[in-house]
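Here the structure is laid out as structure tokens; the discussion comes afterwards.
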Amino acid sequence: MSATALPATGVRPVDWQPCSDRSLERDDPLAGTSGFGERWFLVEVESSWGRHALAQSRLDPALAHTLVKRIERAGMRPLAIRRPAVRADIRRRQDVWRWAVVDSRQGNEAVAWGAVDNPEALVEVPLDGSTGTPSGEPIICVCTHGRHDQCCAVKGRAALAPIAAAFPSLTWECSHLGGDRFAATMMIFPHALHFGRVTPDAAVAIVDSYLSGTIDAGHFRGRASQPNVVQAAEAYARAALGDDRLDAIRPLDHGTQRGGEHGGPGAWTVNFAYQDSTVAVELHETRSAPLLSTCTATVPVSVRQFALDAVRR
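Counted the way this note's numbering counts, the sequence shown spans residues 597 to 909.
Rendered as structure tokens:
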């Protein structure tokens, strides 16, 4: 048994550490690790959340199942949200159910907010962005989904506090974003910029960077609207160009497989438009040493990573 794996009894070994501490110790790379999502449906649910946030909340489980299936069939990702700093045992009776449709596709970013007066009406909300009130304000979502992973609760809430204090009208707790080992994790909509290892000291600066039109590269996991290989290639391109402006580079493709030393199914060239030129990033897939990716994981597995071969302008 791995020294970090849980034995069959479920008793943690003496050297057990939270998954995000282990990840930081290993220096797991952040770039290219955001889960994919081009369009999102956010639902305000002011209650405690179980491991499955919408299905294990104050929503009727059957209704939640129908809602999630409808969202996913539309090619969208569901996300539960709630305002910060309200204890589960004193959350108010929910008479208004706010929702947001978010388009995160680069160049088409948009947010539309709406509300219904009963949860059953959520399944009737059009998901194509044709209704709701357009908003030019960002939505800052910090994962505090403790029933999914303890790191999200502990580190998520610590990172959430200074952001909520600085940007109270923009900030929300949210359900699982993916990547427990990178807690605290944060997504900024509508661009769906995914950040990891967000510490209380860095949290406000990351948001300030976004509001000024730049990306904090030190915590950036990727733009969720792009495939993982494009996310990683963008990080390499930005580092090579020394350009952190939000839309300074735009992908021209989703990566093409290439030959050569690292040719084959795990090697790509991704092309970006940059100023008056094209930047080509060549990279290939690698696998990590076996690791425990969550606090509850018991079997170490290898995860996908990306190594840079070249940046050509």
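Ideal placement from N, C-alpha and C gives every residue a C-beta, glycine not left out.
Local Cβ density within 10 Å of residue i, reported as buried at 16 or more and exposed below that
i, result
"F902", "buried"
"I686", "Legend: pLDDT at I686 = 47, less than 50; position of this residue unreliable, value from coordinates given subsequently. I686 comes out exposed."
"E733", "exposed"
"K751", "buried"
"L848", "exposed"
"A906", "exposed"
"R834", "buried"
"C891", "buried"
"S808", "exposed"
"Q853", "exposed"
"A869", "exposed"
"D624", "buried"
Cα-Cα separation between residue i and residue j, rounded to whole angstroms
i, j, result
"V639", "L723", "12 angstroms"
"S653", "P674", "14 angstroms"
"Y806", "H648", "30 angstroms"
"I784", "G855", "36 angstroms"
"W693", "V825", "36 angstroms"
"S731", "V698", "10 angstroms"
"R701", "S821", "6 angstroms"
"A786", "I735", "The sequence shown places Pro at residue 786, rather than the Ala named in the question. The alpha-carbon atoms of P786 and I735 are separated by roughly 7 angstroms."
"R622", "N714", "47 angstroms"
"A813", "D840", "7 angstroms"
"A885", "T894", "15 angstroms"
"R937", "L626", "No information on residue 937 is available, as it lies outside the stretch 597 to 909 that the chain covers here."
"M672", "R635", "5 angstroms"
"A831", "E881", "15 angstroms"
"F778", "C615", "8 angstroms"
"F816", "G792", "6 angstroms"
"R753", "E857", "45 angstroms"
"D703", "V866", "Checking the sequence shown, residue 703 turns out to be Gly, not Asp. Distance between the alpha carbons of G703 and V866: 18 angstroms."
"S644", "Q690", "13 angstroms"
For residue i: DSSP bridge partner residues
i, result
"N867", "A876"
"E857", "Answer by DSSP bridge pairing: none, since E857 is not bridged."
"F791", "M782 and F816"
"A903", "H880"
Beta-carbon gap between residue i and residue j smaller than 8 angstroms
i, j, result
"A780", "V803", "no"
"L663", "V719", "yes"
"S765", "H741", "no"
"S630", "H790", "yes"
"L888", "P896", "yes"
"L659", "E716", "yes"
"W768", "C747", "no"
"L879", "A829", "yes"
Runs of alpha helix (DSSP H) wholly within the stretch 644 to 731 (minimum 4 residues, chain order): Segments of the alpha helix (DSSP H) lying fully in the stretch 644 to 731: 657 to 669.
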